[in-house]
Amino acid sequence: MSQHYKKFLSLLERWPLDKSKVGRDLGQYLRDQLSAVLGTSNIIAVKDERLNRQFRSLENIVNDVHAKRHPRTLNSTATGLSGEQCREVLSTETKITRQKQAAPHLPVMTTETIQFLEPKQDEVFIDMTFGAGGHTRALLEASPGVTVVALDRDPHAHQLACDMAKEYPGRLIPVLGRFSELPSLLRTLDGYDRQRFFNGILFDFGCSSMQFDEASRGFSIAHDGPLDMRMDKDRCPEQLSAAEVLARIQEQDLARILKVYGEEKQSKKIARAIVNARLTVKRIETTAELASIVAHCLSQGEPGPAAFEYRQDKLRRPAHVATKTFQALRIFVNNELNEINYGMVLAKHLLRTGGKLVTIAFHSLEDTIVKRHLTGHVVDDVASRVPLQLISHTLAHETDTMQEVMKPNWRQMTKHVVVPSDEEVAENPRSRSAKLRAAVRLS
């Protein structure tokens with residue numbers, strides 16, 4: 108045994124001790140264990156074959172064989188980071204800083220939007236969905252004499268508009284409110300002329316990246332947070348949150364919302380699971396709880412524990428099974444489709460003859476409403492799901508009235524919807540569902 112003891116000691120001599128790791132140095136620990144086993148008179152019988160195998164393993168560690176066999180690009184830990192980089196990433200200050208740093212917001216199809224709106228000197232535009240202000244900034248930068256009225260229902264976005272207005276004094280007018288509140292809001296603006304019409308109007312429907320990325324807003328499946336989904340909860344605290352809706356709604360009403368607003372084929376099954384969970388377990392209060400209930404509901408009877416956690420959307424892309432449920436609740440809570448319909452009616456009345464309209468939609472429900480308005484399928488300021496030529500005989504209107512109603516108010520600038528380029532989708536994956544339509548207001 109003394110032979111093996113000396114052999115191991117000579118090997119460990121090539122392993123220098125780290126004095127900065129007193130009590131936790133691996134080299135010192137191995138020396139202590141070696142002395143306890145082989146360096147005492149009470150020697151336990153150990154087979155030579157086993158000792159030789161352990162010696163070879165220890166020799167590989169001492170010679171750093173594995174590091175030489177699998178070299179890293181950075182001389183560091185298994186993470187591929189240097190020691191200094193590891194300390195920086197693991198520090199509390201870095202964690203707090205990175206939590207505060209939001210991902211930069213990239214506006215969708217900015218180049219195409221500016222090309223269709225064609226801003227010129229002294230023209231006035233309305234950005235109906237300011238968000239983070241990417242499109243508004245592009246309009247202001249496109250021509251030095253352009254003025255933009257920036258509308259948004261989200262107080263956080265409105266504050267961003269107020270901050271941006273300081274960069275463009277007299278050219279950016281922030282307005283806080285919904286589409287349906289715009290007429291009364293315009294009347295409160297200093298110097299607003301009711302007879303003055305606008306040169307262009309822009310809609311960028313749906314949630315902004317800021318709303319999705321902030322867990323406390325409750326919009327995203329990817330970030331666990333309170334199930335809220337209200338775009339303007341600070342301004343309208345009496346409005347019901349998504350959690351309050353799920354706590355009160357009847358099963359058949361919930362199924363209808365999921366089917367119409369979410370285009371969810373399993374709406375009845377999901378509605379039943381949500382109501383059962385509410386009655387037997389607890390009130391659903393977080394996004395993770397709702398996503399888990401939907402995933403569990405749809406995975407019953409399927410092979411594998413997570414067989415139904417993801418499925419393909421219309422574009423054959425993987426999407427969480429609760430995506431449509433979240434979409435339906437968000438649309439219902441914020442009354443989005445009715446607001447879009449009202450916004451399109453306003454655009455017709457606020458644009459001057461020859462004025463440009465650009466809309467960017469992110470799902471078929473939004474795009475269908477826009478399409479119906481642009482093609483003239485509108486009755487009593489409500490977009491019709493069926494072409495008027497097919498239902499005109501059922502409408503209680505006089506012939507002259509019907510002819511006036513069916514007369515188109517728009518000339519579409521493109522034959523088909525415009526979609527983002529492959530380069531933009533690669534740079535901003537959230538733009539992949541966008542559909543842009545552009546039209547000119549007729550007399």
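Going by this note's numbering, the sequence shown opens with residue 108, and the numbers climb by one from there.
Virtual Cβ for every residue (Gly too), placed ideally from N, Cα, C.
On the criterion of 16 or more Cβ atoms from any shown chain inside 10 Å, does residue i qualify as buried, or is it exposed?
i, result
"VAL129", "exposed"
"TYR136", "exposed"
"PHE115", "buried"
"CYS314", "buried"
"ALA329", "exposed"
"VAL388", "exposed"
"GLN140", "exposed"
"HIS523", "exposed"
"ALA362", "buried"
"CYS404", "buried"
"ALA546", "buried"
"SER323", "exposed"
"ASN383", "exposed"
"ARG260", "buried"
"ALA429", "buried"
"THR295", "exposed"
"LYS542", "buried"
"ARG166", "Note that residue 166 corresponds to Glu in the displayed sequence, not to Arg. Flag for GLU166 reads exposed."
"ARG121", "exposed"
"PRO123", "exposed"
"SER127", "exposed"
"GLN161", "exposed"
"ALA245", "buried"
"GLY277", "exposed"
For the putative contact between residue i and residue j, defined by C-beta atoms under 8 Å, what is the C-beta separation to the nearest angstrom?
i, j, result
"ASP229", "GLY252", "5 Å"
"ASP311", "THR218", "In fact, because the Cβ distance is near 14 Å, the residues do not count as touching under 8 Å."
"ARG234", "THR220", "Note that residue 234 is Asp in the sequence shown, not Arg. ASP234 to THR220, Cβ: 10 Å. No contact."
"LEU353", "ARG385", "7 Å"
"HIS212", "GLY241", "6 Å"
"MET451", "PHE223", "With a Cβ gap of about 16 Å, MET451 and PHE223 do not count as contacting."
"LYS431", "GLY332", "That belief does not hold up - the Cβ atoms of LYS431 and GLY332 are roughly 19 Å apart, past 8 Å."
"LEU283", "HIS265", "4 Å"
"ARG548", "GLY461", "7 Å"
"ARG138", "LEU119", "6 Å"
"PHE326", "GLU446", "Wrong, their Cβ atoms sit about 16 Å apart, outside the cutoff."
"LYS463", "GLU248", "Actually they do not touch by this definition, with Cβ atoms about 18 Å apart."
"MET317", "ALA239", "6 Å"
"MET216", "PRO515", "MET216 to PRO515, Cβ: 25 Å. No contact."
At which residues does the alpha helix (DSSP H) containing residue i begin and terminate?
i, result
"PHE555", "Residue 555 cannot be examined here, being either before or after the span of the chain that is shown, 108 to 550."
"PHE305", "Segment 305 to 311 is the beta strand (DSSP E) holding PHE305; no alpha helix (DSSP H) there."
"SER471", "471 to 481"
"GLY369", "358 to 369"
"PHE286", "Taken as a continuous stretch (DSSP letters only), PHE286 belongs to no alpha helix (DSSP H), as it is neither H nor E."
"MET336", "Unbroken run through MET336: none, as it is neither H nor E."
"GLN318", "316 to 320"
Three-state secondary structure (DSSP) at residue i?
i, result
"VAL388", "coil"
"PRO281", "strand"
"ILE233", "strand"
"ASN442", "coil"
"ALA239", "coil"
"HIS212", "coil"
"THR394", "helix"
"LEU543", "strand"
"PHE326", "coil"
"ARG548", "strand"
"LEU347", "coil"
"PRO536", "helix"
"VAL129", "coil"
"ALA454", "helix"
"VAL401", "helix"
"VAL525", "strand"
"PRO123", "coil"
"HIS484", "coil"
"ALA426", "strand"
"GLU274", "coil"
"ASP139", "helix"
"THR432", "helix"
"GLY332", "coil"
"SER250", "coil"
"LYS372", "coil"
"LYS114", "helix"
"SER183", "Caution applies to SER183, whose pLDDT of 44 falls short of 50 and renders its modelled position unreliable; the value that the coordinates give is listed next. The answer is coil: DSSP assigns SER183 none of H, G, I, E or B."
"LEU293", "helix"
Taking the continuous beta strand (DSSP E) assigned at residue i, which residues delimit it?
i, result
"GLN519", "517 to 519"
"THR460", "458 to 468"
"THR254", "254 to 259"
"ASN159", "Element bounds for ASN159: not the beta strand (DSSP E) but the alpha helix (DSSP H), 155 to 169."
Given 7 Å as the limit, tell me if residue i has its C-beta closer than that to any heavy atom belonging to the ligand ATP.
i, result
"GLU443", "Ligands in the displayed structure: none, and consequently the ligand ATP is not present."
Indicate whether the contact test is met: 3 or more Cβ pairs, each with one atom in the region 437 to 457 and one in the region 530 to 538, closer than 8 Å.
no
Okay, do the region 438 to 452 and the region 348 to 361 touch, 3+ Cβ pairs below 8 Å being the bar?
yes
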